[in-house]
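Trainee: Before I ask anything, here is the structure I am working with.
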């Protein structure tokens, strides 16, 4: 494994609120306050106003979300193509999370065998002889 590979992974998940914002904007555009409420609800954690502001600025600067005009003159934020790419990358990493809980890197599903193989191993005889 290369250091640069680990740095890429760290970059994907370094700012958890960035990921939360992208998840919340995936299917709909939101106003600033709506985004903050959705992120807090999605994560189940408190999100300070300053953290929301930093997250918004960071994602706009990285062109992962874009502000646009909404109703009543309020800006709404929309995920961009770059944001969707980042979200897809995060989802790939999330898919391996269950393996991290296992000491050998395998999930319980990996260890399941068809019933006929288990029975044959248990009694030492194939099913049709048993």
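Residue numbers (the working numbering): 1011 to 1140.
Every residue gets a Cβ at the ideal spot worked out from N, C-alpha and C, and that includes glycine.
So is residue 1098 buried or exposed if we call it buried at 16+ other beta carbons inside 10 Å?
Mentor: Translated into the one-based positions of the chain shown, residue 1098 becomes position 88. Answer is exposed; the Cβ neighbour count stays below 16.
Trainee: Which of the three DSSP states is assigned to residue 1084 in this structure?
Mentor: As a first step, residue 1084 is located in the chain shown; it is residue number 74 there, counting from the start. Three-state DSSP puts residue 1084 in coil, outside helix and strand.
Trainee: So the alpha helix (DSSP H) residue 1100 belongs to, where does it begin and stop?
Mentor: In the chain shown, counting from the first residue as 1, residue 1100 sits at position 90. Run containing residue 1100: 1091–1105, per the alpha helix (DSSP H) assignment.
Trainee: Within this structure, are the beta carbons of residue 1144 and residue 1075 separated by less than 9 Å?
Mentor: For the chain, the structure presents residues 1011 to 1140; residue 1144 sits outside this window and is missing.
Trainee: In angstroms, rounded to a whole number, what distance separates the CA positions of residue 1025 and residue 1039?
Mentor: Mapped onto the chain shown, residue 1025 falls at position 15. Mapped onto the chain shown, residue 1039 falls at position 29. Answer to the nearest angstrom: the Cα atoms are 21 Å apart.
Trainee: Going by Cα to Cα distance, which pick from 1056, 1043, 1019 and 1087 is closest to residue 1032?
Mentor: Counting from one through the chain shown, the residue named residue 1032 turns up at place 22. Among 1056, 1043, 1019 and 1087, the Cα nearest to that of residue 1032 is on 1087.
Trainee: Alpha carbon to alpha carbon, how far is residue 1110 from residue 1022? Give it in angstroms, no decimals.
Mentor: Walking along the chain shown from the start, residue 1022 turns up at place 12. Walking along the chain shown from the start, residue 1110 turns up at place 100. The alpha-carbon atoms of residue 1022 and residue 1110 are separated by roughly 17 Å.
Trainee: What is the DSSP secondary structure of residue 1040, counted as helix, strand or coil?
Mentor: Position 30 of the chain shown holds residue 1040. Strand at residue 1040.
Trainee: Would you kindly check if the distance between the Cβ of residue 1065 and the Cβ of residue 1049 is under 9 Å?
Mentor: Start at 1 with the first residue of the chain shown, and residue 1049 comes out as number 39. Start at 1 with the first residue of the chain shown, and residue 1065 comes out as number 55. Closer than 9 Å, so yes.
Trainee: Within 10 Å of its beta-carbon, does residue 1143 have 16 or more other beta-carbons around it, so buried, or fewer, so exposed?
Mentor: Residue 1143 lies beyond the stretch modelled for the chain, which goes from 1011 to 1140, so this question has no answer here.
Trainee: Secondary structure at residue 1054, three-state DSSP: helix, strand or coil?
Mentor: Numbered from its first residue, the chain shown carries residue 1054 at position 44. Coil.
Trainee: Could you compute how far the alpha carbon of residue 1019 sits from the alpha carbon of residue 1028?
Mentor: Along the chain shown, read from residue 1 onward, the residue named residue 1019 stands at position 9. Along the chain shown, read from residue 1 onward, the residue named residue 1028 stands at position 18. When rounded, the distance between both Cα atoms is 14 Å.
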